[in-house]
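Peer 1: This is the structure I have questions about; it appears just below.
There are 2 protein chains.
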Amino acid sequence: MKENKSQFALLGLLADRAMSGYEIQKIINNSIGFFWQESFGQIYPNLKKMEEKGWAGSVQIEQEGRPDKKVFKITKSGREELAAWLKRPPEKFPLRLEILLKLFFGNHAKPEISIQHLESELSNEVKMLEVYKNIKKEIGKCSHESQNLYSLITLDYGIGLAEHNIAWCKKSIQKLKKELSK
Amino acid sequence: MKENKSQFALLGLLADRAMSGYEIQKIINNSIGFFWQESFGQIYPNLKKMEEKGWAGSVQIEQEGRPDKKVFKITKSGREELAAWLKRPPEKFPLRLEILLKLFFGNHAKPEISIQHLESELSNEVKMLEVYKNIKKEIGKCSHESQNLYSLITLDYGIGLAEHNIAWCKKSIQKLKKELSK
DNA sequence: GAGAACATGTAAGCGGTTACATGATTAT
DNA sequence: ATAATCATGTAACCGCTTACATGTTCTC
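Line order of the protein sequences matches chains H and W.
The first sequence begins at 1 in the numbering used here and counts up one residue at a time.
The second sequence begins at 183 in the numbering used here and counts up one residue at a time.
Written out as structure tokens, the structure reads:
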């Protein structure tokens, strides 16, 4: 049987503070979004299931100048489940990098196509690296490092990955261009 | 509508030579397996669908000392579909790195747990790096580089990724150990 | 009035894994 | 015998995206 990992992602976020489904998605998009995505089609049904299992409780909150929202709060049982999941070794797969698949089959297309994919990836990663570095600067400014140790570790992964991607794109583009000029 | 990427992966492999479903999985596991996986539950039904669409044809092959096999061969129409897919820009997502998710939530577990995940990842990546480097050496020996240009590019991705992973694991383990000793 | 952001959900339908089911052949 | 490898498939079941559906409030 396969583990529903979305529920643990939601649990982990709720462990920090109570949130609505809508807020959860926003938080995901600007924190773990570069290595973990969730859609509303997953978030809302899973929050419901988590509540049924007693991992979270919800309250309707009235807001001024905004629609009501349903805020979910993790329970003791939810925290225990999260802790148990954190102890289990993470799985490496599934992993599917479509750009590598297209590159791998590059001999069945014109080299210009592979170069174009690489250049697009390169410009994208350069942008992302800039974003990550700015976030890191912000974290460094406003508080003790130890409080954000785990955010910093994952952020550093993103920075290293982007740097590797950039170097690899540049190198590969050069290889392909050299091949073109032959 | 979502694209069935498995079919293009299969198409790309069949573009090099005709193969059975069983052979395809073996090829995947020791070439693109580190960034792309396929299970039999995907391979066989998809080959069938591809045949129905005219992307591939199949013949039953009798073998000596082995069970019969059904070999699939790409058609002209299949090659056209592959070429058209290769031109379309690759998508970055979905991407889900479970180890990062567990690390990100590390503050809800003992630091020892995060360290253990990192050490396990580290030893695994060290092994993988060794494997990749040996493959690269083999490729370098037996033929012209240009023939394997695209394999080399994806392999270099794997090498760079493993190196980044190793550096990141080491750095993160140190950070967490320093935190422990406080 | 239009558009953007806030907010919550459901339904259809494919994607994908895991387990099941079967059987041949070889090596130990 | 029995385990391993070769070989092909199906079925159940959940994962997950996309599209649909609805409604509020604020800003321009």
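No residue lacks a Cβ here, since even glycine has one placed at the ideal position from N, Cα and C.
Since the model is a prediction, treat every value here as computed from it, not as a measurement.
Measuring CB to CB, does A18 of chain H end up less than 7 Å from V71 of chain H?
Peer 2: Closer than 7 Å, so yes.
Peer 1: How about A344 of chain W: is its C-beta nearer than 7 Å to some C-beta of chain H?
Peer 2: Chain H, which has no Cβ nearer than 7 Å to the Cβ of A344 of chain W, makes this no.
Peer 1: How should C324 of chain W be labelled, buried or exposed, when 16 other C-beta atoms within 10 angstroms of its C-beta is the threshold for buried?
Peer 2: Exposed, because fewer than 16 other Cβ atoms sit within 10 Å of the Cβ of C324 of chain W.
Peer 1: By Cβ distance, which residues of its chain are closer than 8 Å to I209 of chain W, with the 5 residues on each side in sequence left out?
Peer 2: Result list for I209 of chain W: L195, M201, in chain order.
Peer 1: Using 8 Å for Cβ pairs, my map puts L11 of chain H next to I335 of chain W. What's the rounded Cβ distance?
Peer 2: No, L11 of chain H and I335 of chain W are not in contact; Cβ-Cβ is about 39 Å, not under 8 Å.
Peer 1: Would you mind reading off the limits of the alpha helix (DSSP H) that contains I74 of chain H?
Peer 2: Run containing I74 of chain H: none in the alpha helix (DSSP H); it sits in the beta strand (DSSP E), 69-74.
Peer 1: Let me see if you follow: with CB-CB separation under 7 Å, is K266 of chain H close to chain W or not?
Peer 2: The structure shown does not extend to residue 266 of chain H, since chain H is modelled only from 1 to 182, so the question has no answer here.
Peer 1: Would F287 of chain W pass as an interface residue toward chain H - the criterion being a Cβ-Cβ separation below 7 Å?
Peer 2: F287 of chain W counts as touching chain H.
Peer 1: Helix, strand or coil for Q25 of chain H, going by three-state DSSP, please let me know.
Peer 2: Three-state result, Q25 of chain H: helix.
Peer 1: In whole angstroms, what is the alpha-carbon distance linking L331 of chain W and G158 of chain H?
Peer 2: Rounded to whole angstroms, L331 of chain W to G158 of chain H spans 27 Å at the Cα level.
Peer 1: In whole angstroms, give me the CA-to-CA distance for D16 of chain H and M310 of chain W.
Peer 2: Each residue's Cα considered, the two are about 35 Å apart.
Peer 1: Assuming I297 of chain W and L358 of chain W form a contact by the criterion Cβ under 8 Å, report the distance between their Cβ atoms to the nearest whole angstrom.
Peer 2: Between L358 of chain W and I297 of chain W the Cβ distance is about 5 Å, and since that is below 8 Å, they are a contact.
Peer 1: Just how far apart, CA to CA, sit E307 of chain W and H164 of chain H?
Peer 2: When rounded, the distance between both Cα atoms is 15 Å.
Peer 1: Using 10 angstroms around the beta-carbon of L362 of chain W, count the other beta-carbons present and answer buried if the total reaches 16, otherwise exposed.
Peer 2: The residue is exposed, with fewer than 16 neighbouring Cβ atoms inside 10 Å.
Peer 1: Would DSSP call Q42 of chain H helix, strand or coil?
Peer 2: Here Q42 of chain H sits in helix by DSSP.
Peer 1: Using 8 Å as the cut-off, can you tell me whether the stretch 231-238 of chain W makes contact with the stretch 253-266 of chain W, which would need three or more C-beta pairs spanning the two stretches below that distance?
Peer 2: At 8 Å Cβ cutoff, the stretches touch.
Peer 1: Leaving aside the five residues before and after L300 of chain W along the sequence, list all residues of the same chain whose C-beta is less than 6 Å from its C-beta, in chain order.
Peer 2: Same-chain partners within the cutoff: C351, S354, I355.
Peer 1: What's the call for N46 of chain H, buried or exposed, on a 16-neighbour Cβ count within 10 Å?
Peer 2: Buried is the call here.
Peer 1: Can you name, in chain order, every residue of its own chain whose Cβ lies under 8 Å from the Cβ of S240 of chain W, other than the five neighbours on each side?
Peer 2: Within the same chain, S240 of chain W has close Cβ partners L229, E233, K252, V253, F254, K255.
Peer 1: Does DSSP put M201 of chain W in a helix, a strand or coil?
Peer 2: M201 of chain W: strand per DSSP, three-state reduction.
Peer 1: Can you tell which of H:S146, H:A9, H:Q60, H:L122 has the C-alpha that lies nearest to the C-alpha of K364 of chain W?
Peer 2: Cα-wise, what sits closest to K364 of chain W is H:S146.
Peer 1: Given a cut-off of 7 Å, decide if Q219 of chain W and F93 of chain H are closer than it, judged by their beta-carbon atoms.
Peer 2: Contact: yes.
Peer 1: Per the DSSP calculation, V241 of chain W is bridged to which residue(s)?
Peer 2: Answer by DSSP bridge pairing, in chain order: W:V253.
Peer 1: Indicate whether at least one CB of chain H lies closer than 7 Å to the CB of I209 of chain W.
Peer 2: Judged by the 7 Å Cβ criterion, I209 of chain W is not in contact with chain H.
Peer 1: Rounding to the nearest angstrom, what Cα-Cα distance links A344 of chain W and F217 of chain W in this structure?
Peer 2: Each residue's Cα considered, the two are about 12 Å apart.
Peer 1: Do you know offhand how far I191 of chain H's Cα is from E273 of chain W's?
Peer 2: In the structure as shown, chain H starts at 1 and stops at 182, and residue 191 of chain H therefore has no counterpart that could be examined.
Peer 1: Have a look at I214 of chain W and I225 of chain W and give me their C-alpha separation to the nearest angstrom.
Peer 2: Going by the C-alpha atoms only, they are around 15 Å apart.
Peer 1: Identify the contact partners of L331 of chain W in chain H, using a Cβ-Cβ distance below 7 Å as the criterion.
Peer 2: Those are K175, E179, listed as they occur along chain H.
Peer 1: Taking beta-carbon pairs under 7 Å, can you tell me which members of the stretch 31-43 of chain H lie near chain W?
Peer 2: Per Cβ criterion, the list reads I32, F35, W36, Q37.
Peer 1: Helix or strand or just coil, what does DSSP make of F35 of chain H?
Peer 2: Coil, per DSSP.
Peer 1: Can you pull the chain H neighbours of W350 of chain W, defined as C-beta to C-beta under 7 Å?
Peer 2: D156, Y157, G160, listed in chain order.
Peer 1: Which of the three DSSP states is assigned to N186 of chain W in this structure?
Peer 2: Looking at N186 of chain W - three-state DSSP - the assignment turns out to be coil, as it is neither helix nor strand.
Peer 1: Which residue comes first and which comes last in the alpha helix (DSSP H) that contains G322 of chain W?
Peer 2: Element bounds for G322 of chain W: 293-324.
Peer 1: Let me see if you follow: with CB-CB separation under 7 Å, is I135 of chain H close to chain W or not?
Peer 2: Chain W contact via Cβ: absent.
Peer 1: G194 of chain W CB to nearest chain H CB: under 7 Å?
Peer 2: Chain H contact via Cβ: present.
Peer 1: Helix, strand or coil for S333 of chain W, going by three-state DSSP, please let me know.
Peer 2: Residue state, collapsed to three classes: helix.
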